[in-house]
Every structure is written in structure tokens, then in C-alpha cells.
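For reference, the structure discussed in these notes is given below.
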Amino acid sequence: MENLSLKELKAKNADTEIVNEDVKVADVKEDVKDEYVEVDKLGKAVEVESNAELDEAIDKTEIEGWMQTEDAETSDDEKKGGFVPSHEAASRRKKAKALRGELNDTQDENQQLKEKLAAYEAGNAPQVQKQDELAPRPTREQFDFDDDAYDAAVDKWNDQKFDMKLNAHSQTREAKNQQESQQKAQQETFTKNLDSHYDRAQKLIDEGKITDEAFRNSDKIVRQAMENVFPQNGNRQTDALISALNSLGDDSEKVMYQLGVNPAKLHELQTLLSNDPSGLTAMGYLGKLQAGIKTPKAKNSQAPAPGSHVEGEGGNDGKAGALHKQYTNAKTVQERITLKRAARQQKVDTRNW
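Final position of the sequence shown in the numbering used here is 367; the numbers increase by one with none missing.
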């Protein structure tokens, strides 16, 4: 076994990290409150203002269950933070590390280094297959003091000793190379899964379904929750969950966002991880959430088409007009969703917005 200093060990193992991912998945259904685009009896969409296509996108956005908070209201958490992952491979990991709401990277790095050092000190380095033991060195007495026979036996014994050392060294090197190759492959898969996760999150942001602020804040909330369960290991555990979910398919980014805006779901995950640190039951739960994230098809409404005049119920026309003006001037889909919900809470008819 090589005697490595802490500094040498850190330099030698800086780019490797093993992620153990055991995954079980089951199906579950999640209730979603939806609102749909209304159409008249002839199947034509109700005429709205010049932003009709964007309004239709809003209605479709609202039907995606992963975006709903527990009270169907926009969470205050959605107004904090920001997430802008890069699409360039060379800088993506660096930017993601800086922007995705990580806690304390130094804690994670120190923890990883301690684990690797402890493994080497405990003799957990690559094991070499045990060789046949070398026979004791021949003695002259064994050959009745026949010098020629004794010298020949000693030469043979020395050859065997050299061959055994050479073979042991070769096996040690082969085992070490194999372990490093496995670690490299696992790390590449791990990194690829994280990149895919944040790339899809960026796509959701580009499509206007959520804001970059809302996603990063949700990501940070989940990481802090994992830190509470696994002190000084929250980032690493969160990345492991993301990678495991991503290996099952798309929508890992929606699951993580859903956890961040739904405290009850996040608490359930924490409880499962506390009761079963192996993560098997937790992955089963996350798999159910992932399987339940589906966007229902829009349904045609049987209600009559509304009039073209914007007015609220209960004599609050002025308030309705002000909200509608803000809605029209909103720059993002997320802002329009928030304004539309606020109007409905005040009993404003938003069907023709």
C-alpha cells in the first residue's frame, strides 16, 4: 500500500467521487387543479386581445401539477434567488456550482477527503488476490550438504520469490486501474445526470413556465432540507438524489421544484431518509412523484363565451381593470399567473383576459 500524505491523497483523488445509486420506483397519482381554455360550441377559441396565444400558454401552464403549491397560491419562495445554468460543457459545472443554491462546498470536500483517507488507512485499497505462499528458503541440510543441489534449489526459490512479487505488483496495479476506471465512469455518469437536470430546468425557464429565481430558491430549499438530515453532506446527498432520478428519465427538475414549493412533500422525503438512510424508500417516494408528473390534455368548456367587456363581480370594476392592465403589461408567464390568481381571489371574471 502506498504511504500517501493527506495533500498527495487529495491531489490524487480530487476528480473522483463515487455515487451509490439504488433505485426503486412505483406509480402514484396526484390530484391537480386545472383550468382550461374555453371554446364555444363551434369549437372556435374565444376571441381575446393580441396576447391570446400567450394567455393560452398560461392556462396550459397552470394545469401542470408539479408547479402547484399546496394551497394553489404562488409561494413567496418563488420571488427569491435565481438559476441560470450554462450550456457550455467547460463552464457549466462551475456556473451550476455557483448558482444552484449550494450550501457549503468546503464541508462536502473535506468530508469526501476524510472518507477516502480513512478507507486507505483502514486497508480498503484495492485488494489483491492472495498468492500461494512461498516455501521456506532451502537449507543445506535438506540436500545432505550437496552444494550443487543446494545452489540449484536456492536459485529456483529466488526465481519463485521474484515471480510472486512481480505477479502481486501486476495484480495490484490492475485492480487499482480497474477501480479508477469504475470511479471515472461513475463520476462521468453522475456529472452527465446533473447537467441534464439543470439543462431541462433552463428549458422550463426559457419557456416561461417558471422564473429562474423560483427554481434556484426551490433548489436551495431542498438542499437545506437534506443538510438538516445529513449534516455537512446536504449538497452531496441532493446531487445523488437528482442523479438517481435523472437516470430514471426526464422530469427530475420538476420533482425537485415540486419539493421546494410543497413543504409537506419535502417533509415526507426528510422523514423517509431519516428512517432509512440507505435511500431506498426515499427513492421509491421520489419515483412516485416523478411518475405522477403528467400534463393533462386541455378540455373544451361547455360554458357560453363571455362578453368582451372586462368587469369584476361585486362592483369592483375599477380593481378588475387595474389588475387586467397589470396582466396585459406583464413580461413573463409567471407574473401573469400570479396576477390571474389574485384576480380570481377577488372574484374578478378572468375568462376573457
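Beta carbons are placed, not taken as given, at the ideal position from N, Cα and C, and that holds for glycine.
- One Cα belongs to residue 158, the other to residue 147, and the distance between them is close to 25 Å.
- In this structure, the beta-carbon distance from residue 266 to residue 304 falls below 8 Å.
- The count of Cβ pairs closer than 8 Å, one atom from the stretch 223-237 and one from the stretch 264-278, reaches three, so the stretches are in contact.
- For residue 360, no alpha helix (DSSP H) run applies, since DSSP gives it neither H nor E.
- Taking all protein chains in view, the Cβ of residue 220 is surrounded by fewer than 16 other Cβ atoms within 10 Å, so the residue is classified as exposed.
- Nearest neighbour of residue 149 by Cα position, chosen from 161, 171 and 164, turns out to be 171.
- Judged by beta-carbon spacing, residue 354 lies beyond the 8 Å limit of residue 342, meaning their Cβ atoms are not closer than that value.
- Pairing residue 257 with residue 204, the inter-Cα distance amounts to about 6 Å.
- Counting only the Cα atoms, residue 295 lies some 48 Å from residue 339.
- DSSP places residue 220 in the helix class (H, G or I) of the three-state scheme.
- Secondary structure note for residue 277: its alpha helix (DSSP H) is the uninterrupted segment 277-289.
- In the three-state DSSP reduction, residue 342 falls in the helix class (H, G or I).
- At the C-beta level, residue 243 and residue 292 stay beyond 8 Å of one another.
- The straight-line gap separating the alpha-carbon atoms of residue 169 and residue 193 is approximately 36 Å.
- The Cβ atoms of residue 225 and residue 352 do not sit closer than 8 Å to each other.
- In this structure, the straight-line span from the alpha carbon of residue 174 to that of residue 190 is close to 24 Å.
- Each of 356, 350, 366 and 361 was checked against the Cα of residue 223, and the nearest Cα belongs to 350.
- Apart from sequence neighbours up to five positions away, the residues of its chain that approach residue 154 with a beta-carbon distance below 6 Å are 164, ordered along the chain.
- If you draw a straight line from the Cα of residue 248 to the Cα of residue 254, it comes to about 10 Å.
- Of the candidates 361, 275 and 299, the residue whose Cα lies closest to the Cα of residue 228 is 275.
- With contacts defined by Cβ atoms closer than 8 Å, residue 280 and residue 215 do not form a contacting pair.
- In the DSSP assignment, residue 252 falls within the alpha helix (DSSP H) that extends over 248-262.
- For residue 167, the CB contacts under 8 Å within the same chain, skipping 5 residues up- and downstream, are 152, 156 and 157 in chain order.
- Rounded to the nearest angstrom, the gap between the Cα atoms of residue 236 and residue 180 is 51 Å.
- Residue 366 sits in coil when the DSSP states are folded into three classes, being neither helix nor strand.
- Its Cα nearest to that of residue 245, the residue 284 stands out among 307, 335, 284 and 162.
- Per DSSP, the unbroken alpha helix (DSSP H) holding residue 237 starts and ends at 226-243.
- If you compare the alpha carbons of 277, 207 and 176 with that of residue 264, the shortest gap goes to 207.
- Across the structure, residue 212 and residue 183 are spaced so that their CA atoms are roughly 43 Å apart.
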